[in-house]
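In this text, residue positions in the sequence shown follow the numbering used here: the first is 1, and each later residue adds one.
All residues carry an ideal CB built from backbone N, CA and C; glycine is no exception.
In this text the structure is predicted, and so the values were computed from the model without any measurement.
Before any comments, here is the structure.
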Amino acid sequence: MEPSRISLRRFQLSDVDDFLKWANDDNPGPGDDKCRAHLGYAVSAEYWGQGITTGALKMAVSNVFKEFPGLVRLEAFVLVENQVSQKVLEKVGFLKEGLLRKYGFCKGEIRDMIVYSFLSTDMIK
1 MEPSRISLRR FQLSDVDDFL KWANDDNPGP GDDKCRAHLG YAVSAEYWGQ GITTGALKMA
61 VSNVFKEFPG LVRLEAFVLV ENQVSQKVLE KVGFLKEGLL RKYGFCKGEI RDMIVYSFLS
121 TDMIK
């Protein structure tokens, strides 16, 4: 294909029909992420240190693979500075995979994050 036939631009309202046609296409492609899900949580500071998050995550992880049989992978993204949340994920059995530089927007800044994963074949600790 000739590069002159390609243009990079922002989505426009006039693109909606073409986008929906692509999104509803049954052909698997790079956007077909039915095997993967993102996990997130937030707990008010007054409840920290009580094991609530760890307990809730263990419950969620033990049920999610049963409720969604095609699911293979859970992902969690944590701010580098949030070492307590990293320990909670590790207590449940999540594996630290690596650093994502300037990956997430949090409290007005683009921040580095660490990605954790839990596979359907992993064991809850």
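Helix, strand or coil at residue i [DSSP, three-state]
{"i": "Met123", "result": "coil"}
{"i": "Asp33", "result": "coil"}
{"i": "Val115", "result": "strand"}
{"i": "Glu109", "result": "strand"}
{"i": "Val78", "result": "strand"}
Residues of its chain near residue i, where Cβ-Cβ distance is below 6 Å and the 5 sequence neighbours each way are ignored
{"i": "Tyr116", "result": "Ala76, Leu89, Phe94, Lys96"}
Burial state of residue i (16 or more Cβ within 10 Å)
{"i": "Ile114", "result": "buried"}
{"i": "Thr53", "result": "buried"}
Residue from the options whose Cα sits closest to the Cα of residue i
{"i": "Lys34", "options": "Gly40, Lys102, Leu57, Leu71", "result": "Leu71"}
{"i": "Ala45", "options": "Ser85, Lys91, Arg9, Val16", "result": "Ser85"}
{"i": "Tyr210", "options": "Lys125, Asn82, Ile124, Phe65", "result": "What is shown of the chain runs 1 to 125, which leaves residue 210 out entirely."}
Own chain partners of residue i with C-beta closer than 7 Å, once the 5 adjacent residues on each side are dropped
{"i": "Tyr47", "result": "none"}
Same chain only: Cβ atoms within 8 Å of residue i, ignoring 5 sequence neighbours per side
{"i": "Val92", "result": "Thr54, Leu57, Lys58, Val61, Phe118, Ile124, Lys125"}
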